[in-house]
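Enquirer: Quick one: structure below, then a few questions.
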Amino acid sequence: MKKCLIVSLLTLGFTAPGLASGWKNSSDLNIKGLYPADEGLYFYVTNESESSSTSTCDGDRRFLIPTSSQNYETKVSVMIAAFMASKSIRLRYEEEQSTDCSITVASFKVNL
Numbered sequence: 040m041k042k043c044l045i046v047s048l049l050t051l052g053f054t055a056p057g058l059a060s061g062w063k064n065s066s067d068l069n070i071k072g073l074y075p076a077d078e079g080l081y082f083y084v085t086n087e088s089e090s091s092s093t094s095t096c097d098g099d100r101r102f103l104i105p106t107s108s109q110n111y112e113t114k115v116s117v118m119i120a121a122f123m124a125s126k127s128i129r130l131r132y133e134e135e136q137s138t139d140c141s142i143t144v145a146s147f148k149v150n151l
């Protein structure tokens, strides 16, 4: 049992960094516009200068909260509130995405 636990922990230790790679955290961004659509809420931010060209459209400024996202209503409500209050946000998203024009956001934080 002890050996199984040790092997499991070692395996997890080697695989966890691989799972974590590919995630990107943005700098502080200002929301410039909201665009509700059938596929979800698109929003535009100030240029993400440290971006690695994840998106081929709009200079990495167009992001999406898809309707299939968990807690979609909550995320969209908070995004609209942040936009209305002119609060900056920090985004977390996968750097490698299959989309051409909009980057799907995993989570975000509204700054005080």
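Residue numbers for the sequence shown follow the working numbering, beginning at 40 and rising by one. For each residue, glycine too, the CB sits at the ideal point set by N, CA and C.
Note down the Cα distance separating Asn-69 from Gly-61, rounded to an integer number of angstroms.
Expert: The alpha-carbon atoms of Asn-69 and Gly-61 are separated by roughly 23 angstroms.
Enquirer: Given this structure, state the Cα-to-Cα distance separating Leu-130 from Val-144, to the nearest angstrom.
Expert: Their backbone Cα atoms lie some 7 angstroms apart in a straight line.
Enquirer: Tell me the residue span of the alpha helix (DSSP H) that contains Thr-113.
Expert: Counting along the chain, the alpha helix (DSSP H) containing Thr-113 begins and ends at 111-123.
Enquirer: Are the Cβ atoms of Pro-105 and Gly-79 separated by less than 8 angstroms?
Expert: Cβ atoms of Pro-105 and Gly-79: closer than 8 angstroms.
Enquirer: From Tyr-74 to Ala-121, what does the alpha carbon distance come to, in whole angstroms?
Expert: Tyr-74 and Ala-121: Cα-Cα distance of roughly 14 angstroms.
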